[in-house]
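Trainee: I have a structure I would like to understand better, so I am pasting it below and will then ask my questions one at a time.
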Amino acid sequence: MAVLAILGLSAAPAPAGFYSGKDLAEVCLAKAGSPDYFEKTYECVAYIAGAVDAFNTTREVNKLKSCIPAKVTVSKLRDVTVKYLSTDPPGMNKSASALVFAATRKAWPCPKRK
Numbered sequence: 001m002a003v004l005a006i007l008g009l010s011a012a013p014a015p016a017g018f019y020s021g022k023d024l025a026e027v028c029l030a031k032a033g034s035p036d037y038f039e040k041t042y043e044c045v046a047y048i049a050g051a052v053d054a055f056n057t058t059r060e061v062n063k064l065k066s067c068i069p070a071k072v073t074v075s076k077l078r079d080v081t082v083k084y085l086s087t088d089p090p091g092m093n094k095s096a097s098a099l100v101f102a103a104t105r106k107a108w109p110c111p112k113r114k
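The letter at position 99 of the sequence shown is residue 99 when you use full-length UniProt numbering, and the numbering goes up by one with no holes.
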């Protein structure tokens with residue numbers, strides 16, 4: 001019986017992104033004063049910080065400089081992402097990390113290569 005339970009858990013393929021833009025918008029745009037506001041706010045900040053860390057690691061591995069200012073705060077990253085999500089950008093059904101990337105690229109575009 002335990003073997004069947006384990007097989008059942010591993011049978012479904014993982015989606016391309018575990019968290020969609022809609023999921024991220026739901027937690028990041030939570031209304032202040034709602035019963036789960038603080039929980040959702042922490043979830044939002046944690047997701048954004050993790051996504052940005054992943055972007056920066058990928059850029060570093062590929063010997064590319066990050067275009068996000070070195071002294072940017074997590075709060076500022078959240079503000080930039082929330083502002084972007086509130087515009088209802090295309091791709092809300094896709095990976096939330098792609099939307100965080102789009103938000104940061106819009107806020108801090110990389111200089112054009114010469």
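Every residue gets a Cβ at the ideal spot worked out from N, C-alpha and C, and that includes glycine.
Would you list, in sequence order, the uninterrupted alpha helix (DSSP H) runs of no fewer than 4 residues that lie entirely inside the UniProt domain "Rap1a immunity protein" (20 to 110)?
Mentor: The UniProt domain "Rap1a immunity protein" (20 to 110) contains these whole alpha helix (DSSP H) runs: 21 to 28, 37 to 61, 74 to 85, 96 to 107.
Trainee: Nearest to residue 106 by CA position, among 85, 29, 71, is which residue?
Mentor: Residue 85 is the option with its Cα nearest to residue 106.
Trainee: Can you tell me whether residue 113 is buried or exposed, with buried defined as 16 or more other CB within 10 angstroms of its CB?
Mentor: Exposed, since its Cβ has fewer than 16 Cβ neighbours within 10 Å.
Trainee: For residue 56, which residues from the same chain have a beta carbon less than 6 Å from its beta carbon, with the 5 sequence-adjacent residues on both sides left out?
Mentor: Cβ neighbours of residue 56 beyond the five flanking positions: 66.
Trainee: Does residue 8 come out as helix, strand or coil in the three-state DSSP assignment?
Mentor: Because the pLDDT at residue 8 is just 48, under 50, the model does not fix this residue reliably, and the value given afterwards should be weighed accordingly. Residue state, collapsed to three classes: helix.
Trainee: Kindly indicate which residue of 63, 46, 75 has the alpha-carbon position closest to the one of residue 19.
Mentor: The candidate whose alpha carbon is nearest that of residue 19 is 46.
Trainee: Look at residue 74 and residue 102 and say whether their C-beta atoms are less than 8 Å apart.
Mentor: For residue 74 and residue 102, no; Cβs fall outside 8 Å.
Trainee: Can you find the residues in the same chain that come closer than 8 Å, C-beta to C-beta, to residue 111, ignoring five residues on each side of it along the sequence?
Mentor: 67, listed in sequence order.
Trainee: By how many angstroms is the C-alpha of residue 99 removed from the C-alpha of residue 22?
Mentor: Going from the Cα of residue 22 to the Cα of residue 99 covers about 10 Å.
Trainee: Does the separation of the CB atoms of residue 25 and residue 41 fall below 8 Å?
Mentor: Cβ atoms of residue 25 and residue 41: not closer than 8 Å.
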